[in-house]
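Visitor: In our numbering, the protein residues as written are 307 to 445.
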Amino acid sequence: MHPAAFAFAATALATIPVAAGAVTGEGENVPLIGRDGPEADGCGGIGKVFGLYGPGTQAYLSVRERQDDRAREKDRLTSGTLVWLCDAQDEWQGIVYADDELQDLGDCRVSSSVAAPEPYSGPCRFGWVHARNLQLVAQ
């Protein structure tokens, strides 16, 4: 899918009248699930990490604890990694993704509906990334 189509999908998520994320006591902003309403899946789509540039195989996408380039880096994702697209704010995308060694994307418990938007509570990893490095693969 063309990156512009993904930007449109991320913009659509961002226009839902719910504050993006939920701040914890540690200052982490947990992405919300259920932003598309009680009839939709907890997360609205699946994206793939792409468009990374770096020396050799060192290219990665930083997963941050909140929507800020200076926020603590929680993880690093490589090109081709699949993630759930759950929340959005400006150029940031709130994602949920599987632990490579212990889980599959289907283990994240976001493919069924939730009654109202709520912070993601696991069992998979989550955080915020720049939306420009995600390509929509399923909605």
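Glycine included, every Cβ here is placed at the ideal spot set by N, Cα and C.
1) Quick one: residues in its chain with C-beta nearer than 8 Å to the C-beta of residue 407, no 5 flanking neighbours on either side, listed in chain order?
2) Tell me which same chain residues have a C-beta within less than 8 Å of the C-beta of residue 420, skipping the five on either side of it?
3) Can at least three beta-carbon pairs, one atom from the stretch 385 to 397 and one from the stretch 348 to 359, be found at a separation below 8 Å?
4) Determine the DSSP secondary structure at residue 394, reduced to helix, strand or coil.
5) Check residue 386 in the structure and name its three-state DSSP category.
6) Pull the bridge partners of residue 399 from the DSSP assignment, please.
7) Quick one: what's got a C-beta closer than 6 Å to residue 412's C-beta in the same chain, skipping five residues either side?
8) For residue 381, which of helix, strand or coil comes out of DSSP?
9) Cβ atoms of residue 443 and residue 399: under 8 Å apart, would you say?
10) Could you give the DSSP three-state label for residue 411: helix, strand or coil?
11) Near residue 405, which residues of its chain fall below 8 Å by C-beta distance, leaving aside the five closest residues on each side in sequence?
12) Look at residue 366 and residue 376 and say whether their C-beta atoms are less than 8 Å apart.
13) Is residue 403 buried or exposed, if buried means 16 or more other CB atoms sit within 10 Å of its CB?
Guide: Answer, in terms of the structure:
1) none
2) 339, 340, 344 and 348
3) yes
4) strand
5) coil
6) 394 and 435
7) none
8) Three-state DSSP puts residue 381 in a strand.
9) No, these two residues do not count as a Cβ contact at 8 Å.
10) Three-state result, residue 411: helix.
11) Excluding sequence neighbours, residue 405 sits near 430 and 431.
12) No. Outside cutoff.
13) Result: buried.
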